[in-house]
Every structure is written in C-alpha cells, then in structure tokens.
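In this note's numbering, the protein residues as written are 1096 to 1574.
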Amino acid sequence: MTFDKLMIGGRWRPATEGQTIPVFAPSTGQQISSIPRGGEADVGAAVKAAREAFEGAWGAMPAFERGRLLSRFAARILDHAEELALLEASDTGKPMTLARNDIKACARYFEFYGGAADKIHGETIPYLSGYQVIVMREARGVTGHIIPWNYPAQMFGRTLAPALAAGNATVLKPAEEACLSSFRLVDIAMDVGFPEGAINLVSGLGSEAGAALTAHPGLDLISFTGSPAVGTLVQQAAAMNHVPCVLELGGKSPQIVFDDADVESASKAITAGIIQNAGQTCSAGSRVLIHQKVYDQVLAALADRFSRVVAGPHELDLDCGPVISAKQQGRVENYLREGERDGVTVAAQGQLHPRTQDGGYFVTPTLFSNVASTHLLAQEEIFGPVLVALPFSDEADAIRIANDTPYGLMAGIWTRDGGRQLRLAKAVRAGQIYVNGFGAGGGIELPFGGFKRSGHGREKGFEALREFTVAKTVILNHG
Ligand code: NAD
C-alpha cells in the first residue's frame, strides 16, 4: 500500500495542504517513503468524524460486538504478521526478531481488550433506605492519541485497543519518524469493519498536527507517550480545555544487583534490557546499581556480554539495530562525548558490523562504570544502547540511588532474599518492579506507568480501561 493519505471518517484522503514528510530507513539512511503532513484542518475534521462516530454507529454498538471486532482485528494482524514485521523493521531499523515480537504484541493488545470489552462493569453502592445507587462506567467520548517512534505497532495497540474496547472514538497522531505500520494497521482495521470515524489517523509533525490535536477543545482525553518536554506542552494545551491526560514520559530505570544475586541470569537480562531496540525503550534498564562486594564480578560479566554485542542493519537480525534518526544518533553520541570529557570509565563497548559502513544511524553500544549518581549519564534518559554502572554499599544506599533521578517508571531487583525483595519493591518509586527478571516493554496484562517525571495515569491491563472510562453515579429514589 501507499502511505500518502490520512484516514478521516472512514475515508482515505490527502492532507488539506497537500504537503508530505519524507521517511528514512534507519538501517541505510535512505528515503523509503513519505507520509502526509496533516495540520489543524485535518485534525479538526478527524475530531469531528470521531464525535459523529461516538454519537452514531460506533457509540450504539453493543459491548460484545465491539469486543468481537477487536478480536477479529487481532486475528487479521496475525494473518499479516510477516508483512507488518518487515514494514516495522525497515521503518524503525529494529532487528526482525524484535519487529516480529512487536507485531505479535500489537495483536495481543486487541485480543486482550477484545475479550475485556463486555466485562467493564459498574457497581452499586449501599446508601440511604429507599435509594439505589448505580455507578456506571461510561466511555469518555473522543480520545486523542499521540505515540512515539520507538515501538510504533506496539504503541498503536497499547493506546487504541483499550480506548476502543471501552467504546471511545479515536484520533491517532503517530510519530513522523516512524509510523508506516500505523497506516497498514488502520487499513486492516477498516477492512475488518470498524465503523467510519471510530479510528482516525492524522500523521504530521508534532509541532503542527500534534499541537493541533492537544489544543483541540473537542477531545475528552489525551493519551501521550514521548518526551517529558513535550509531555509538559501537551498538559499545558490540554489544561486550556480541561481535558485530562494520560502521560508516559520515559525513565532512567535501575537494575539493582545484590551480593546474593544469580550473576549469570542477572547479567544476561540486564544486557538485553538495555540493548533491546538499541536502548530506545522507555522502560529500558539504563542504570545498573551493583553491591560493592560483587561490583567487579558483576561488571566483568556485563562487560563480557557488552563486548560481544554486534549492531547492524535490521535484516541481519543482530542483537542491536541503528537508532531512529541522524538527530537521535547525534544526541546519543553527544552523551558518549560528555562521558569521555568528564573522564568516566568505559568498561566495554560492543561492535559495529561492517555493513554499518554503508550508512545508517548506528551507535556503538557502551558500558560506563563507576558513574556518579549526579552525573548526567546517570540522570538523563539517553535513549540509546548505553548502560551506566554505579556501586552501592547497602540496602539503604541502593534505595537512595535508585530513587535519585527525576524518573520512576520501572526497576529490576536481583536478590534471593525474600524480605529484601519486598522491602525494595515498596521503597523504590516506580510503576513496575521486576524481581529476578526484567521485561522491558512487555506484559499486556500488567498495569504500567510512571511516578514523578515518568508521567501519570496507567496503561495496559484493566487499569487502562479505568483511564478510558469515567464513573457516572446515578442516585435513584425509589421510595
Ligand atoms: P517527542 O516527545 O518529541 O515525540 C513524541 C510524539 O509527540 C511524536 O508523535 C511527536 O510528533 C509528538 N509531538 C512532538 N511535539 C509535539 C507538540 N508540541 N505537541 C504535541 N505532540 C508533539 O519525542 P522525540 O523528540 O521523538 O524524542 C526525544 C526524546 O524523548 C528521546 O530521546 C527520549 O528520551 C524520549 N522519548 C521517550 C519515549 C517513551 O517511550 N517514553 C518515546 C520517544 C521518545
């Protein structure tokens, strides 16, 4: 298919201004496509179409039928899995295995929420005698969705599936850097039979289509995933219309390794948790905190694994692909230079496959050691294949360092001590805590979201359905 039209009100149509944005393949740096540069008029038309759908056929559809539709969509995504994975890999540069997993995860979102659509129950509340109180959970109405480029297909499922399951009509603004899979997924959705206006797609620049969507007074909720800086802009714009927001803004998640940890499995999972998607994962474990007694041993195990990581183009299906763009490559390389300038020790570096000489946005995977918790390498979200190691002296020190960033999205705790597992899980301020394991980005069933500057609101699991619905209390005086 071509990617030159927006989906508004059930019809593919060109952007009002007729402009386009070029799309580059991160593995080669070559242009592979272009997408419409939607603007304010397109966003306005999409919100209008969504409102009509919500007040029309989509809003009237019984919950079990919505669920069926989502389930059918999930099955069709799986029918097209290989085609979608190829599209996703060439658009993002991610290795084929990861792209295949992402498409399966996208389908799983629609499967999970398809099954949940007719199980969104309200409640009754005992009140005064002669009264019956019913709390209904209603769809919010028209929801706006702004997603990033790191996991385009997964983000599509993560944000749209619960919104649609709950009965909302949606407007999606995917990221301009990578969103080809969104076009194909919407195409499949239309084929499956979603009523016109239930899913609208307006691609464009963040400062144009994105800003127009967040400022639109016709929305009932905005769901945004991306950088904290843009998260602030989204909240400011939404506040002008009193539109609530669910924000997921990234992290600087710690992996905390105690002296009784299984070093073999910890080092394997910790390496995978930062190398996955070239480190461009909001929940990447990008800091490793190591008990000083085992610091050298754990660092050596990580250094060994890091030095064997090879980065290369997506079709080679290596451990690590390129980063998304020349801009992101420059950003990550800047952090590497800052570390070098401040004399931070490089404990190990991965390799670049010879094919990376042909072009593409590659960054050498790097493990830094003995980084001070106050250093920007330990504080800022680098969003590249860069891991920083910090020593700690005891449990209290580990908790202090773990919480010593503006973020709080996820954490990994590696210890066999049951009491310590729970104490740490309670003390670390993060939305998801793994114990003796780490699943960056995974778990459709598992509520996910941030503390502090990692955002607010919860996605995934049944929690997402609470965000995409609103309670309405009916107080009946029956005498
Ligand atoms: P970004 O926040 O600029 O972009 C994310 C989405 O927001 C895109 O769809 C973009 O078009 C849109 N957007 C941009 N400006 C907007 C505006 N003014 N109003 C409304 N929408 C707007 O992220 P980025 O610049 O692509 O990446 C920068 C950094 O953000 C990364 O290096 C990383 O640290 C972080 N990030 C985090 C996540 C995450 O999953 N939490 C994802 C992507 C990026």
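For glycine and all other residues, C-beta sits at the position ideal for the given N, C-alpha and C.
{"Asked": "Cβ-based burial, H1386 [other Cβ within 10 Å; buried from 16]", "Found": "buried"}
{"Asked": "Beta carbon of T1265 nearer than 8 Å to that of I1242", "Found": "no"}
{"Asked": "C-beta atoms of V1405 and D1414 nearer than 8 Å", "Found": "yes"}
{"Asked": "Spatially closest choice to A1367 from G1416, F1319, R1132, P1323, by CA coordinates", "Found": "G1416"}
{"Asked": "Residue burial classification, L1519 (beta-carbon count within 10 angstroms, cutoff 16)", "Found": "buried"}
{"Asked": "For S1318: DSSP bridge partner residues", "Found": "H1240, V1341"}
{"Asked": "Beta-carbon gap between F1457 and A1211 smaller than 8 Å", "Found": "no"}
{"Asked": "Identity of the residues DSSP links to L1173 by a beta bridge", "Found": "L1173 pairs with nothing; no bridge assigned."}
{"Asked": "Whole runs of the beta strand (DSSP E) within the stretch 1476-1517, excluding any shorter than 3 residues", "Found": "1481-1487, 1505-1509"}
{"Asked": "Residue-chain proximity (G1556, chain B), Cβ-Cβ < 8 Å", "Found": "Any reference to chain B falls outside this structure, which holds one protein chain only."}
{"Asked": "Supposed contact pair V1230 and G1217 - C-beta distance, whole angstroms, cut 8 Å", "Found": "5 Å"}
{"Asked": "Chain-order list of residues whose beta-carbon lies under 8 Å from that of F1159 (same chain, five-residue window excluded)", "Found": "A1212, D1213"}
{"Asked": "Near the ligand NAD: R1426 beta-carbon under 7 Å from a heavy atom", "Found": "yes"}
{"Asked": "Option in D1354, Q1331, Q1350 with minimal Cα separation from V1369", "Found": "For the record, residue 1369 in the displayed sequence is Ile; it is not Val. Residue Q1350 is the option with its Cα nearest to I1369."}
{"Asked": "Any non-hydrogen atom of the ligand NAD closer than 7 Å to A1577 Cβ", "Found": "The structure shown does not extend to residue 1577, since the chain spans only 1096 to 1574, so no value can be given for it."}
{"Asked": "Bridge partner(s) assigned by DSSP for G1233", "Found": "Gly is not the amino acid found at residue 1233; the sequence shown has Glu there. According to DSSP, E1233 bridges with V1565."}
{"Asked": "Closest by C-alpha distance to T1327, when choosing among G1550, A1284, A1535", "Found": "G1550"}
{"Asked": "8 Å Cβ cutoff met for L1471 and V1483", "Found": "no"}
{"Asked": "Assigned secondary structure, C1274 (DSSP; H/G/I helix, E/B strand, else coil)", "Found": "coil"}
{"Asked": "Sequence-distant residues of its chain with Cβ nearer than 8 Å to L1485 (five each side left out)", "Found": "R1382, V1383, L1384, I1385, N1465, V1466, A1467, S1468, A1473, I1496"}
{"Asked": "First and last residue of the uninterrupted beta strand (DSSP E) at F1205", "Found": "Per DSSP, F1205 belongs to no beta strand (DSSP E); it is in the alpha helix (DSSP H), 1191-1211."}
{"Asked": "Distance cut-off 7 Å: N1429 Cβ against heavy atoms of the ligand NAD", "Found": "no"}
{"Asked": "Burial state of M1156, where buried means 16 or more other Cβ atoms lie within 10 Å", "Found": "buried"}
{"Asked": "The stretch 1161-1173 contacting the stretch 1245-1263, beta-carbon criterion three pairs below 8 Å", "Found": "yes"}
{"Asked": "Coil, strand or helix - Y1222 by DSSP", "Found": "coil"}
{"Asked": "M1102, enclosing alpha helix (DSSP H) - first and last residue", "Found": "Per DSSP, M1102 belongs to no alpha helix (DSSP H); it is in the beta strand (DSSP E), 1101-1103."}
{"Asked": "Cβ-heavy atom distance, S1302 to the ligand NAD, below 7 Å", "Found": "yes"}
{"Asked": "CA-to-CA distance, P1312 to T1376, given in whole angstroms", "Found": "31 Å"}
{"Asked": "Buried versus exposed, by CB contacts within 10 Å (16 or more), R1146", "Found": "buried"}
{"Asked": "K1074 classed as buried or exposed, judged by whether at least 16 other C-beta atoms fall within 10 angstroms", "Found": "This structure gives no information on residue 1074, because the portion of the chain shown stretches from 1096 to 1574."}
{"Asked": "Residues of its chain near E1135, where Cβ-Cβ distance is below 7 Å and the 5 sequence neighbours each way are ignored", "Found": "A1307"}
{"Asked": "Three or more C-beta pairs below 8 Å linking the stretch 1190-1202 and the stretch 1298-1307", "Found": "no"}
{"Asked": "Cβ-heavy atom distance, N1336 to the ligand NAD, below 7 Å", "Found": "no"}
{"Asked": "Cβ-Cβ distance between G1544 and E1343 below 8 Å", "Found": "yes"}
{"Asked": "G1299 beta carbon less than 8 Å from that of E1272", "Found": "no"}
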